[in-house]
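Numbered according to the working numbering, the sequence shown spans residues 334 to 469. Positions of the beta carbon are idealized from the N, C-alpha and C atoms, including for glycine. Here the structure is a predicted model, which is why all the values come from computation and not from measurement.
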Amino acid sequence: MKTTESKKTRNTKHQKAVLDLLKNAEKALTADEIREQLEDHINKTTVYRMLDRFVEAGKIHFVTGQNGKSFYALCKTCNEEPPQHIHNHLHFQCEVCGNVECLPNTVKVPQLPGYNIRETQLLIIGTCKRCISSTN
């Protein structure tokens, strides 16, 4: 039987691996893509739990793509802790290759009297630069 200490160490190792993967990713990744790229194969439920904890902690954010899947990316310029941790930058999903990427452009999120904004989902759908240039 494994001790609590070994379980804690293993989880920390996996958490670090997921964060490192997102840190080095050139695009936002789905939970399936994250799981496939990890050396140690972690079950899908564990990956989703880790991602949920990272989102709650403000370490990563996600956007729901055109297909209903969540795409996760590391928070690179975020300073605020939740619950004021609102992402107001744009995301772009390519209809050709399916990649989702964070764009540097930001949108001013309005203050709505009587509403508490917890999250924004800003997704633009079209054709990315790589796919446009490969068809020309």
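With a threshold of 7 angstroms, establish whether the CB of Cys461 neighbours any heavy atom of the ligand MN.
-> Of ligands this structure carries none, so the ligand MN is not represented either.
So, His424 versus Leu455, is the Cβ gap smaller than 8 angstroms?
-> Along the sequence shown, one-based indexing puts residue 424 at 91. Along the sequence shown, one-based indexing puts residue 455 at 122. Taking 8 angstroms as the Cβ cut-off, His424 and Leu455 qualify as a contacting pair.
Assuming Arg433 contacts Val396 under a Cβ cut-off of 8 angstroms, what Cβ separation, rounded to an integer in Å, is found between them?
-> To locate residue 433, count along the sequence shown from 1; it is residue 100. To locate residue 396, count along the sequence shown from 1; it is residue 63. The identity of residue 433 in the sequence shown is Val, whereas the question assumes Arg. With 8 angstroms as the limit, Val433 and Val396 qualify as a contact, their Cβ atoms being about 7 angstroms apart.
The beta strand (DSSP E) enclosing Glu315, as first and last residue numbers | Summary: the structure shown does not reach residue 315, with the chain confined to residues 334 through 469, and so no result is reported for it.
Tell me whether Thr453 sits in a helix, a strand or coil according to DSSP, three-state version.
-> By 1-based counting over the sequence shown, the position of residue 453 is 120. Coil at Thr453, not helix or strand.
DSSP beta-bridge partners of Gly459 | As a first step, residue 459 is located in the sequence shown; it is residue number 126 there, counting from the start. For Gly459, which the question treats as bridged, DSSP gives the partners Cys427.
C-alpha distance - Thr366 paired with Leu436, whole-angstrom precision | On the sequence shown, residue 366 is found 33 positions in, with the first residue counted as 1. On the sequence shown, residue 436 is found 103 positions in, with the first residue counted as 1. Rather than Thr, the amino acid found at residue 366 in this sequence is Glu. Each residue's Cα considered, the two are about 20 angstroms apart.
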